[in-house]
Every structure is written in structure tokens, then in C-alpha cells.
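These notes are about the structure you will find just below.
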Amino acid sequence: MPIQIQIQKGTSASNTTTVKLSGSLDTVTAPQLESELAPLLTGNVKELVFDLAELKFISSAGLRVFANARKQLKERSGQVSFVHLQPQIREVFDIIASLPGIAIFKDIAELDRYLAARQRSHQDQI
Amino acid sequence: MKLELNATPDEVMRAVETLEEFAKARNIPEKTIFGLALALEECGSNIVNHALKRDVQQKFHVAFTCERNQMLIELRDQGPAFDPTVARVNNSPASEDDLPGGWGIGLVRRHMDEIRYSRQGNENVLLLIKRIDDSAVFDKTS
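So, in C-alpha cells, the structure goes:
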């Protein structure tokens, strides 16, 4: 099963980019995602959101891509978030779910509330 | 069902897709199929990436059968001896400085009921066993 990768860049103010994945994230498709993410991870993105509503399969090859993305963003105080995980995907995710710099949300509303609070916190610090 | 595969990631996924079709045709529950597919993907990838070093000239073999209450997946390769049943497993939640590796075998153990390894001549033989609710499986030729 192939993977479809749809990247939606947010406003420069929010620095949030959403990556929608559908299909299978496996030993064949993980390198594809890695190369699509490379310019984002070296750019100015701080908040990277993966929408996994249509992701049907994931293996450790996919987890490694997410873990590496989280590591790179964390170096500049960014964060990787995940939304709409299907139950079988959530089970595989347990391995990396507790990492600092990773957040998982059930839906967009919950994610938006979190991102808004995070942005307010950043503004307070400035 | 028996497959001869070249040592490439594409061939691993060809085996996974064949397994999924095989299991669907036997009315195996979706959640179980996901676990079977994951276990085969992880074990096949280990063979391709580590045992056979992605040498496309190398072959490995996958066979699967569905008996009355269990699904069996057998993988055979001629790489160096490697027993994943005694390999170090990283199946705890990742820690801050965790290197992304060693998760695959943990996922296999989590989704399979039994894993058996033997070295037969110059072959690694890995048998993955998943028990299935009898009522969920149609009586079709395996």
C-alpha cells in the first residue's frame, strides 16, 4: 500500500505545519516521508502536526521517522503532535508516546486548544 | 502459500500484502491481520536490512498457513545466525536519549502468541504463531 503525504503550511505567525498521512508507513514508504520532512525540519517550523486519520498501517520504520522529527524540532524548542490516531496505530505508538516533545490528541479541537495555550505561553515569555 | 523474495523492502511489502489478502479471505479479524502484517513487516525488514544487507541477489522465503485456530508464518533466510527470541528487546517506552532502534522485535513479541527460532543447516528459520478465535475463521484450504 503506498502512502500519500499532504503538507499544509500554516501562517508565519503560528509556525504550525500539518502533515496528513494516508495509507501505509512502512519499510518502503518511511524513507519517502523522511525526505518530504527534511526541508521542514531544517526550516523555521516549530509546531509539526501529523494528522493520522487515514493512516492504516505503521511499523517501527515509521516510528523512527517520527522520533527523528521530534528530536530535530526539540533542539529548537519545537514540538511534534499527532491527531486522529486509529486504535491499532495508537497501540504501536505506545513506544514513543511518552517522549518529551511528543503530544497526542484525539481531535483537531483538542489540538487547537493546546496549540493556542502553548502560543500564549510563548508570548508571555517574550 | 509460499513466496520466494528478493532482499528488498518492496519485496517485504509484497509479502505483507499477500499475507493480508490471505488472512482476509479466511475472515480473520482486522485487528489480528494488522498484528500479523506488522510482525511480518518487522521480521522481513530485519532479514533484508541486517541478515542479507539489501543484496538484491539474495533470496529469502516466506510461507504462511492457517490451521483451525492459528495462523503460522515461517521466514527462512541464509544470513548469519540470528535468534530474535533471545535478542535484546527495546519494548519499553522510549526514553529521552533513546536511539531509534530495537523496537521492531518488541512489536513482534507484543502481537504474536509464540515465536520459535531454529538454525537448520545454513538457514535461519523463524516461526511466528498467532492464535485465532475459531469462530472467526472460515474453513478454507490453507
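Protein sequence lines, in the order shown, are assigned to chains A and B. Going letter by letter, the first sequence gives residues 668 to 793 in my numbering. Going letter by letter, the second sequence gives residues 971 to 1112 in my numbering. Even for Gly, the Cβ is constructed at its ideal location relative to N, Cα and C. Only a predicted model underlies this, so the values are computations on that prediction, with no experimental measurement involved.
- Message: Distance cutoff 8 Å, beta carbons only. Does residue 971 (chain B) sit that close to anything in chain A?
- Response: no
- Query: When the cut-off is 8 Å and only beta carbons count, does residue 730 (chain A) lie next to chain D?
  - Reply: Judged by its chain identifiers, the structure shown contains no chain D, and its protein chains are A and B.
- Query: Under the three-state reduction of DSSP, which class applies to residue 752 (chain A): helix, strand or coil?
  - Reply: coil
- Query: Which residue comes first and which comes last in the alpha helix (DSSP H) that contains residue 1057 (chain B)?
  - Reply: No alpha helix (DSSP H) contains residue 1057 (chain B), which DSSP labels as neither H nor E.
- Message: Within a Cβ cutoff of 7 Å, which residues of the same chain sit near residue 683 (chain A), ignoring the five residues on either side of it in sequence?
- Response: 677, 714, 716, 782
- Query: Could you give the residue range of the alpha helix (DSSP H) that holds residue 1052 (chain B)?
  - Reply: Residue 1052 (chain B) -> no alpha helix (DSSP H), and no H or E assigned at all.
- Message: Pop quiz: residue 1096 (chain B) and residue 1013 (chain B) are said to be a contact at Cβ under 8 Å. What is the actual Cβ separation, rounded to whole angstroms?
- Response: 6 Å
- Message: Taking contact to mean 3 or more Cβ pairs, one atom from each stretch, closer than 8 Å, check whether the region 736-754 of chain A and the region 1082-1096 of chain B are in contact.
- Response: no
- Own chain residues within Cβ distance below 7 Å of residue 1070 (chain B), not counting five before or after: Caution applies to residue 1070 (chain B), whose pLDDT of 47 falls short of 50 and renders its modelled position unreliable; the value that the coordinates give is listed next. If we look at residue 1070 (chain B) and ignore the five residues flanking it on each side, it has no Cβ neighbours.
- 8 Å Cβ cutoff, residue 670 (chain A) in contact with chain B: no
- Looking only at C-alpha atoms, which of A:787, A:703, A:687, A:745 sits nearest to residue 768 (chain A)? A:745
- Query: Residues of chain B with a CB under 7 Å from the CB of residue 693 (chain A): which are they?
  - Reply: 983, 1011
- Apply the 10 Å Cβ neighbour rule to residue 669 (chain A) and answer buried if 16 or more other Cβ atoms are within range, or exposed otherwise. exposed
- Task: Establish whether the CB of residue 755 (chain A) and some CB of chain B are separated by less than 8 Å.
- Result: yes
- Query: CA-CA distance, residue 747 (chain A) and residue 770 (chain A)?
  - Reply: 7 Å
- Could I get the ranges of all uninterrupted beta strand (DSSP E) runs contained in the region 713-768 of chain A, with 3 residues as the minimum, in chain order? 714-725, 746-750
- Message: Let's see if you can read the secondary structure: which residues bound the beta strand (DSSP E) around residue 1081 (chain B)?
- Response: Per DSSP, residue 1081 (chain B) belongs to no beta strand (DSSP E); it is in the alpha helix (DSSP H), 1073-1081.
- Message: Taking the straight line between their C-alpha atoms, what separation do you get for residue 1006 (chain B) and residue 718 (chain A)?
- Response: 25 Å
- Query: Shortest alpha-carbon distance to residue 723 (chain A) belongs to which of A:689, A:750, A:787, A:710?
  - Reply: A:689
- Task: Compare the C-beta of residue 1083 (chain B) against all C-beta atoms of chain A and say whether one is closer than 8 Å.
- Result: no
- Message: Rounded to whole angstroms, what is the Cα-Cα separation between residue 672 (chain A) and residue 755 (chain A)?
- Response: 20 Å
- Along chain B, in chain order, which residues have C-beta atoms closer than 8 Å to that of residue 759 (chain A)? 1008, 1077
- Query: In whole angstroms, what is the alpha-carbon distance linking residue 686 (chain A) and residue 730 (chain A)?
  - Reply: 15 Å
- Task: Kindly confirm or deny that the region 977-986 of chain B and the region 1020-1027 of chain B touch, where touching means at least three C-beta pairs closer than 8 Å.
- Result: yes
- For residue 695 (chain A), name the three-state secondary structure that DSSP assigns. coil
- CA-CA distance, residue 1036 (chain B) and residue 974 (chain B)? 19 Å
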